[in-house]
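Q: After the structure tokens below, expect a handful of questions from me.
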Amino acid sequence: VLRGLGALSAEMRPRMGQIVNEIRTELEELIAAKAEELKQAELAHKIASERIDVTMPGRRSVLGGKHPLTVTLDRIKETFMRMGFDIAEGPEVEKDYYNFEALNFPPDHPARDMQDSFYITEEFLLRTHTSPVQVRTMQSGDPNSPVRVIAPGKVYRWDYDATHSPMFHQVEGLVIDKGITFADLKGTLELFIHDIFGDDVRVRFRPSFFPFTEPSAEVDISCVMCNGQGCRVCSGTGWLEILGCGMVHPRVLELSNYDPAQVSGFAFGMGVERIAMLVYGIDDLRLFFENDLRFLRQF
Numbered sequence: 003v004l005r006g007l008g009a010l011s012a013e014m015r016p017r018m019g020q021i022v023n024e025i026r027t028e029l030e031e032l033i034a035a036k037a038e039e040l041k042q043a044e045l046a047h048k049i050a051s052e053r054i055d056v057t058m059p060g061r062r063s064v065l066g067g068k069h070p071l072t073v074t075l076d077r078i079k080e081t082f083m084r085m086g087f088d089i090a091e092g093p094e095v096e097k098d099y100y101n102f103e104a105l106n107f108p109p110d111h112p113a114r115d116m117q118d119s120f121y122i123t124e125e126f127l128l129r130t131h132t133s134p135v136q137v138r139t140m141q142s143g144d145p146n147s148p149v150r151v152i153a154p155g156k157v158y159r160w161d162y163d164a165t166h167s168p169m170f171h172q173v174e175g176l177v178i179d180k181g182i183t184f185a186d187l188k189g190t191l192e193l194f195i196h197d198i199f200g201d202d203v204r205v206r207f208r209p210s211f212f213p214f215t216e217p218s219a220e221v222d223i224s225c226v227m228c229n230g231q232g233c234r235v236c237s238g239t240g241w242l243e244i245l246g247c248g249m250v251h252p253r254v255l256e257l258s259n260y261d262p263a264q265v266s267g268f269a270f271g272m273g274v275e276r277i278a279m280l281v282y283g284i285d286d287l288r289l290f291f292e293n294d295l296r297f298l299r300q301f
């Protein structure tokens with residue numbers, strides 16, 4: 003109709019246009035009213051057809067649980083926080099300087115090999131330990147200022163079997179102050195071990211070597227599977243290695259603007275998966291990362 007208005011005379015065109023617009027408006031109102039009527043009818047039918055049976059048993063919400071590694075890590079952090087440690091964090095993509103050079107790793111050290119580390123460029127790699135966080139913590143404060151931190155986080159190494167994973171979790175600790183001795187290190191770690199594994203566990207320190215500590219030691223505990231009697235888990239020795247430690251090397255202190263003549267410190271590091279395997283009696287580290295609910299629901 004609107005297209006035909008052009009064929010009308012000039013006198014008829016305005017009058018006819020007014021009539022057409024009035025009809026269109028009336029039709030639109032009728033259509034809108036009918037649409038609303040149909041909508042209300044549909045809603046009324048839906049309400050009438052749906053019933054809530056209050057006698058039906060309810061459905062409980064399905065609750066998740068903490069991963070055993072998270073439980074173990076939280077427990078480790080809580081133990082050290084009670085001893086006055088702060089928690090420090092750092093980047094997982096790290097500079098070679100912080101990961102190796104500042105920790106007294108010589109250029110020809112095997113850990114720098116491409117087969118052991120995930121290099122992104124010649125300067126950057128996925129950190130192989132959380133020790134770089136300790137270096138960053140030392141360098142962020144005033145020279146010779148006291149430090150008491152643990153550095154939990156993910157680390158990456160080129161290794162994968164029943165006891166190794168290319169990605170795993172570490173907790174490393176650092177204490178620096180005046181007059182810190184190996185006795186302080188020994189007392190701190192023994193307190194931690196007894197809190198995690200119980201007072202009956204025996205602890206021993208074995209001489210070892212790490213580029214960033216001197217002297218260095220490996221820490222063993224009496225086998226939690228056989229109570230130190232000797233079994234398959236401990237290879238018949240009665241002992242299980244759980245962490246490494248030592249007094250901070252003077253060169254590491256110097257590289258972070260600390261004077262080894264005025265302050266000293268100790269450092270330690272442990273794998274969270276290793277601790278969790280011993281606490282829960284798990285013999286294959288890969289179980290932690292397979293997301294098998296049959297396994298995870300046991301914790």
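In short: position in the sequence shown from 1, add 2, done, that's the numbering used here. The beta-carbon is built from N, C-alpha and C at its ideal position, and this holds for glycine as well.
1. Express the C-alpha separation of T27 and E52 in angstroms, rounding to a whole number.
2. Can the beta-carbon of V210 be found less than 9 angstroms from the beta-carbon of Y158?
3. Sorted by chain position, which residues of the same chain lie with C-beta nearer than 6 angstroms to Q141's C-beta, five sequence neighbours on each side aside?
4. Restricting to runs no shorter than 3 residues, where is the beta strand (DSSP E) found entirely within the stretch 227-274?
5. Within the continuous alpha helix (DSSP H) that includes H47, where are the two ends?
6. Relative to the C-alpha of H171, which residue among T130, Y99 and P59 is closest?
7. What is the DSSP secondary structure of I223, reduced to helix, strand or coil?
8. Return the first residue and the last residue of the alpha helix (DSSP H) that Y100 is part of.
9. By Cβ distance, which residues of its chain are closer than 7 angstroms to L191, with the 5 residues on each side in sequence left out?
10. Considering only their Cβ atoms, is the gap separating S266 from I182 smaller than 9 angstroms?
11. Using the C-alpha atoms, what's the distance from M227 back to V135?
12. Between S133 and E174, which are expected to be in contact by the criterion C-beta below 8 angstroms, what is the C-beta distance as a whole number of angstroms?
13. Kindly identify the DSSP beta-bridge partner or partners of L128.
14. Output yes or no for whether 9 angstroms exceeds the beta carbon distance between G155 and V149.
15. Have a look at Q42 and E31 and give me their C-alpha separation to the nearest angstrom.
16. Taking C-alpha atoms, which residue in T139, R288 and G19 lies nearest to D163?
17. For G175, which residues does DSSP report across the bridge?
18. What residue range does the beta strand (DSSP E) around F211 cover?
19. Can you grab the Cα-Cα spacing for the pair G200 / P262, in whole Å?
20. Excluding five sequence neighbours on each side, which residues of the same chain lie with their C-beta closer than 7 angstroms to the C-beta of H196?
21. Using CA coordinates, which residue listed in F291, Y282, I178 and G232 is at the minimum distance from E305?
22. Write down the C-beta distance between P213 and H111 rounded to the nearest angstrom, noting that I regard them as a contact closer than 8 angstroms.
23. Can you give me the Cβ contacts of D88 inside the same chain, cut-off strictly under 8 angstroms, excluding the 5 residues immediately before and after it?
24. Going by beta carbon distance, what residues of the same chain come within less than 8 angstroms of L71, once the five residues before and after it are set aside?
25. So the alpha helix (DSSP H) H196 belongs to, where does it begin and stop?
A: Taking the geometry as given:
1. For the purposes of this step, residue 52 is identified with residue 50 of the sequence shown, where counting begins at 1. For the purposes of this step, residue 27 is identified with residue 25 of the sequence shown, where counting begins at 1. Roughly 38 angstroms separates the two Cα atoms.
2. Start at 1 with the first residue of the sequence shown, and residue 210 comes out as number 208. Start at 1 with the first residue of the sequence shown, and residue 158 comes out as number 156. Inspection of the sequence shows that residue 210 is occupied by Ser rather than by Val. With contacts defined by Cβ atoms closer than 9 angstroms, S210 and Y158 do not form a contacting pair.
3. Along the sequence shown, one-based indexing puts residue 141 at 139. Only S258 meet the Cβ criterion.
4. 241-250 and 266-273
5. Taking the first residue of the sequence shown as position 1, residue 47 is located at position 45. Segment M14 to S51, the alpha helix (DSSP H) holding H47.
6. Here residue 171 corresponds to residue number 169 of the sequence shown, with the count starting at 1. Residue T130 is the option with its Cα nearest to H171.
7. On the sequence shown, position 221 is the one that residue 223 refers to. Residue state, collapsed to three classes: strand.
8. For this step, residue 100 is matched to residue 98 along the sequence shown. Y100 -> alpha helix (DSSP H) spans D98 to N101.
9. Counted from its first residue, the sequence shown places residue 191 at position 189. So the qualifying residues of the chain are V221, C247 and F270.
10. As a first step, residue 182 is located in the sequence shown; it is residue number 180 there, counting from the start. As a first step, residue 266 is located in the sequence shown; it is residue number 264 there, counting from the start. Yes, they are a contact pair.
11. By one-based count along the sequence shown, residue 135 stands at place 133. By one-based count along the sequence shown, residue 227 stands at place 225. So the alpha carbons of these two residues sit roughly 34 angstroms apart.
12. Mapped onto the sequence shown, residue 133 falls at position 131. Mapped onto the sequence shown, residue 174 falls at position 172. The pair is a contact, with the Cβ atoms about 6 angstroms apart (cut-off 8 angstroms).
13. If you number the sequence shown from 1, residue 128 lands on position 126. In the DSSP output, where bridge partners are listed per residue, L128 has V95.
14. Taking the first residue of the sequence shown as position 1, residue 155 is located at position 153. Taking the first residue of the sequence shown as position 1, residue 149 is located at position 147. Against a cut-off of 9 angstroms, the Cβ pair of V149 and G155 comes out as no contact.
15. If you number the sequence shown from 1, residue 42 lands on position 40. If you number the sequence shown from 1, residue 31 lands on position 29. When rounded, the distance between both Cα atoms is 17 angstroms.
16. Taking the sequence shown and counting its residues from 1, one reaches residue 163 at position 161. Ranking the options by Cα distance to D163, first place goes to R288.
17. Your numbering for residue 175 matches position 173 in the sequence shown. Answer by DSSP bridge pairing, in chain order: I152 and F270.
18. By one-based count along the sequence shown, residue 211 stands at place 209. It spans V205 to F212 - the beta strand (DSSP E) in which F211 sits, taken as one unbroken run.
19. By one-based count along the sequence shown, residue 200 stands at place 198. By one-based count along the sequence shown, residue 262 stands at place 260. C-alpha separation (whole angstroms): 36 angstroms.
20. By 1-based counting over the sequence shown, the position of residue 196 is 194. For H196, where only same-chain residues beyond five positions count, the Cβ hits under 7 angstroms are V203.
21. For residue 305 there is no data in the structure shown, the boundaries of the chain being 3 and 301.
22. Reading the sequence shown from its first residue, position 211 is the one you call residue 213. Reading the sequence shown from its first residue, position 109 is the one you call residue 111. Confirmed, Cβ separation roughly 7 angstroms.
23. The residue given as residue 88 occupies position 86 in the sequence shown. So the list reads R150, V151 and I152, once near-sequence residues are dropped.
24. Here residue 71 corresponds to residue number 69 of the sequence shown, with the count starting at 1. So the qualifying residues of the chain are H171, V274, E275, A278 and F290.
25. The residue given as residue 196 occupies position 194 in the sequence shown. F184 to F199 is the span of the alpha helix (DSSP H), which, as asked, contains H196.
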